[in-house]
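So the sequence shown is residues -18 to -1, 1 to 199, counted in mature numbering (1 follows the signal peptide of the UniProt record, and there is no 0). Glycine included, every Cβ here is placed at the ideal spot set by N, Cα and C.
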Amino acid sequence: MKFLTLTLAAAAAATANAGVLTSDNWEAETAGKTIFVKFYAPWCGHCKKLKPDWDKLIDAFDGHKTALIGDVDCTAEGKPLCEANGVQGFPTLKWGDPASLEAYEGARSYDALKKFADENLKPICSPSNIDLCDADKKAEIAKFTAMSDKDLDAAIEEQETKISDAETLFKDEVKTLQKTYEGLKEAQDNTIAEVKNSGLGLMKAVKTQKAKGSDEL
């Protein structure tokens, strides 16, 4: 009986840790696979809501040779992974080559997630799967491979800066639009208030009364 209890406890622990990715196991777990990852925080309400469907998805792909569904706790051992992947909110879902993940913006029901995973978590063109690349991508990979580490780092930084600048511009413009909206809304409210205070209501009441008088005549 004691042995059975220990066995069940071990099985439960293994299930609880299934799909958990950290800085220590990232390379080993994701090597050669196309992945779908949930970056989360345990206290996040939306993360808690998504958990049952996400755990079900992890189970559906458990043991898959070329696809992996994973969890990264951004408040624990997975924090460096979250920082490296630019995670700013929870939960953040990303997919693709482990070295270059893309944001997932689709629906988050189990059926939608499963459909996306079935259609997209396949071996894709990458330096580790170069045989899946077309001629243009192979040439691009060859060009980047030939670059020195310093030049490659500089090129990556340049492109990431473009993304960062675009995000900053978007946020700044949204703030400007918000201020413009607030100013226009205030002007509209003030004009409406002035018009009403100028006697518009009484004008309409007098007009209605006059119309009644004309009908009586």
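DSSP bridge partner residues for residue i (one or two, in chain order)
i	result
Val2	Asp53
residue 212	Beyond the ends of the chain as shown, which are -18 and 199, falls residue 212; an answer cannot be given.
Same chain only: Cβ atoms within 6 Å of residue i, ignoring 5 sequence neighbours per side
i	result
Phe98	Gly88
Asp41	none
Asp147	none
Asn179	none
Where the alpha helix (DSSP H) through residue i begins and ends
i	result
Ile40	27 to 42
Thr127	117 to 128
Leu97	Here residue 97 turns out to be Lys, not Leu, going by the sequence shown. 92 to 102 is the span of the alpha helix (DSSP H), which, as asked, contains Lys97.
Thr12	8 to 12
Cβ pair residue i, residue j closer than 8 Å
i	j	result
Asp44	Tyr22	no
Ile106	Gly52	no
Ser5	Pro62	yes
Glu11	Leu3	yes
Lys104	Thr48	yes
residue 275	Cys115	Any question about residue 275 goes unanswered here, given that the chain covers just -18 to 199.
Lys20	Leu50	no
Ile123	Ile138	no
Pro24	Thr57	yes
Start-to-end residues for the beta strand (DSSP E) that takes in residue i
i	result
Lys153	Where Lys153 is concerned, there is no enclosing beta strand (DSSP E), although the alpha helix (DSSP H) it sits in stretches over 131 to 177.
Residues near residue i in its chain [Cβ-Cβ closer than 8 Å; skip 5 each side]
i	result
Glu84	Lys76, Trp77, Gly78
Asp35	Arg90, Ser91, Tyr92, Leu95
Leu134	Phe126
Ala(-8)	Only weak support exists for where Ala(-8) lies, its pLDDT of 41 falling under 50; the coordinates are left without a value.
Lys120	Ile112
Leu39	Phe18, Ile51, Tyr92, Leu95, Lys96, Ala99
Glu59	Thr4, Ser5, Asp6
Residues near residue i in its chain [Cβ-Cβ closer than 7 Å; skip 5 each side]
i	result
Lys186	none
Proximity test, Cβ basis, 8 Å: residue i and chain D
i	result
Asp118	Within the model displayed, chain D is absent; a lone protein chain is all it includes.
**Request:** Entirely within the region 53 to 86 and at least 4 residues each: give me those alpha helix (DSSP H) ranges in chain order.
**Result:** You should have 61 to 66.
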